[in-house]
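Engineer:
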Amino acid sequence: MNAKPTIRVAKLIDGDESALADFYQDAWGASNNSEAVAAARNQFTVGNPFSDDKGRLTVAVFSDEKIIGHLSTIPAQLWDGTRLLTGVWLKGFMVLEAYRDGPIGYMLIKEMAKHLDLSGALVVALPARRLMEAIGFSDVGVLPNYLSIDRPRRFIRSIDASQIEPDSSPSFRKLTLKALKTEPLSSLAGLMMTVALSVCNMANRWLTKGLQTATSLQPPAASEIDGLWTTLRNRIGFASSRDSAYISWRYAPPDGGDYEFITIRDAGQLCGLAIVRGPRREDDPRLGGLRVGLIADLLVDPRHKRAARAALLAARSWCRLRNYDAVLFTISNNVLRSMMPTLGYVPVPGNIHFMLRTGNSGIASPSGLDDSWLTRGDGWGDDI
Amino acid sequence: MNEVIKQKLEDIFRLVFELPSDAKVGDIQQIDFDKWDSLSHVSLMSAIENEFGLEVDIAESISLTSFESIELYLSRKVV
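As given, the protein sequences belong to chains Y and U, one line each in that order.
Note that our numbering gives residue 217 to position 233 of the first sequence, counting from 1, and the numbers run on in steps of one.
Note that our numbering gives residue 84 to position 42 of the second sequence, counting from 1, and the numbers run on in steps of one.
1. Among all the DSSP beta bridges, which residues are the ones paired with Y/ASP250?
2. Starting from the C-beta of U/MET87, find all residues in its chain whose C-beta is less than 8 Å away, skip the five residues before and the five after it, and write them out in chain order.
3. Is DSSP giving Y/SER103 helix, strand or coil here?
4. Using a threshold of 8 Å, is the CB atom of Y/ILE248 nearer than that to any non-hydrogen atom of the ligand ADP?
5. What's the call for Y/SER18, buried or exposed, on a 16-neighbour Cβ count within 10 Å?
6. State yes or no: is the beta carbon of Y/MET339 nearer than 9 Å to at least one beta carbon in chain U?
7. Taking the alpha carbon of Y/GLY273 as the reference point, which residue from Y/PRO263, Y/ASP281, Y/LEU282, Y/ARG304 has its own alpha carbon closest?
8. Count the CB pairs spanning the region 240 to 249 of chain Y and the region 183 to 201 of chain Y that are closer than 8 Å, and state whether there are at least three.
9. Measuring CB to CB, does Y/GLN61 end up less than 9 Å from Y/ASP281?
10. Less than 6 Å between C-beta atoms, sequence neighbours within five positions excluded: which residues of the same chain meet that for Y/LEU41?
11. Could you say if the region 203 to 213 of chain Y and the region 343 to 360 of chain Y meet the contact criterion of at least three C-beta pairs nearer than 8 Å?
12. For Y/LYS165 and Y/GLY328, what's the separation of their Cα atoms in angstroms?
13. Whose C-alpha, out of Y/PRO325, Y/GLY13, Y/PHE28, Y/ALA258, is nearest the C-alpha of Y/ALA187?
14. Of the choices Y/ASP64, Y/ASP6, Y/GLN27, Y/TYR130, whose alpha-carbon is the least far from that of Y/HIS54?
15. Could you tell me the distance, in whole angstroms, from the CA atom of Y/SER142 to the CA atom of Y/ASP134?
16. Indicate the three-state DSSP secondary structure (helix, strand or coil) for Y/LEU320 in the structure shown.
17. How about Y/TRP73 and Y/GLY334: are their beta carbons less than 9 Å apart?
18. Buried or exposed: Y/SER316, going by 16 or more other Cβ atoms within 10 Å of its Cβ?
19. Are the beta-carbon atoms of Y/VAL126 and Y/ILE336 separated by less than 9 Å?
20. When the Cα atoms are used, what is the spatial distance from Y/LEU296 to Y/ALA206?
21. Helix or strand or just coil, what does DSSP make of Y/ASN185?
22. Could you work out which residue in Y/ALA223, Y/GLY241, Y/LEU312 is closest to Y/ASN129 when comparing CA atoms only?
23. Thinking just about the alpha-carbon of each residue, which of Y/MET177, Y/SER182, Y/SER301, Y/GLY76 is nearest to the one in Y/LEU92?
24. Which residues in chain B have a C-beta closer than 7 Å to the C-beta of Y/ASP85? List them in chain order.
Here you go:
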């Protein structure tokens, strides 16, 4: 008879690399060589302007010497409307399949809670959200998604609605999408959407006349980003810090990244910054071969609507030049959201929940997302 | 005695999973029951510990993944 394994939960220490390497391979199919593991561990701390000398907080559940569950953090700085506060994003919440729906997830979150203060997370799965609520996280809301479709006919024919739409969505919408996949409806719908988008583009180009747009692999000057971030944060109630140090570390790492920077200037002064990238994977079964670009982040004064329009139009142009079928933008702020239809971005169902635990920070948990500024780049939500 | 255990266990299942008082729970398995996630598993184990006055070892609780397996477990543990 096999001896019962010893199940324990603990903070990871430097000697756990071998077990962690095996876990990375089991959980994510990642390479398990020591350099890859060290790189993965350091990814969110080395160069992170919000890291302290305590290193990256990670907890794991061990079955004897094997890691079967993992939860880690990314040091961050959060803005509550009046001040900047130290916090973390939770990241990498994973239990090996054979151990799911048992005690392991709970053990991880309960252990992590002992070390957490102000913390956020972008979470899809209901079991994970339930666990987080059990230790004091609030579900602040679902991040709204917007899609601008550049190739409507191809998009309609390729998208698998049953994989994208949540189960609770009205079946009328799914039936409509299904009907539109057939000819001549798909061609007709595609033509109508193309015409509508062209009219939209013309109107918005007129509205943003006079603003200068440029694209670069490097972010603009630090002082410019800091100025824009200061302006933005004074208009909103909650956000993750987007100062120049963070933007450079997050989106323009020294070894090269996937992102590009679209600047919008008004008489030479930076008034908008969109950070874009192409699709991380092109084999997502939900997308049926479609290539969807992403606006990972955006800095703009929400009162400067021309700048916001120009940034979102430029992002779409950037995607079109690369022959992407559509561009996705996730944004919580209600001022920007109200503009999306006039920019040719349609709302699509979201499934990423913003969870927040205020701990001893003294801040009040926001009652909703309207006054916040959260994008898919926050908490590495563009990995979801 | 086993009938008493079974009845108590059925009540616990209905309570933890918020099921009607006449819901059949004997066939419930973690693998195909959406309401059985990590949090409800912990609630289930906690309720069992409280009801039967025992402590469920974590390593053992990993294998308690159905009504049937828990009933068998309790028939061995509860005197």
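For glycine and all other residues, C-beta sits at the position ideal for the given N, C-alpha and C.
All of these numbers come straight from a predicted model, not from anything done at the bench.
Structural biologist: Put simply:
1. DSSP links Y/ASP250 through a beta bridge to Y/GLN253.
2. VAL98, SER103, LEU106
3. strand
4. The ligand ADP is absent from the structure shown, which contains no ligands of any kind.
5. exposed
6. The beta carbon of Y/MET339 sits no closer than 9 Å to any beta carbon of chain U.
7. Nearest option by C-alpha distance: Y/PRO263.
8. Counting Cβ pairs under 8 Å, three or more are found: they touch.
9. no
10. THR57, HIS99
11. no
12. 21 Å
13. Y/PRO325
14. Y/ASP6
15. About 13 Å.
16. Y/LEU320 falls in the helix class under three-state DSSP.
17. No, these two residues do not count as a Cβ contact at 9 Å.
18. buried
19. yes
20. Answer to the nearest angstrom: the Cα atoms are 22 Å apart.
21. helix
22. Y/LEU312
23. Check the Cα spacing between Y/LEU92 and each of Y/MET177, Y/SER182, Y/SER301, Y/GLY76: the tightest is with Y/GLY76.
24. In the structure shown, chain B cannot be found, because the protein chains are Y and U.
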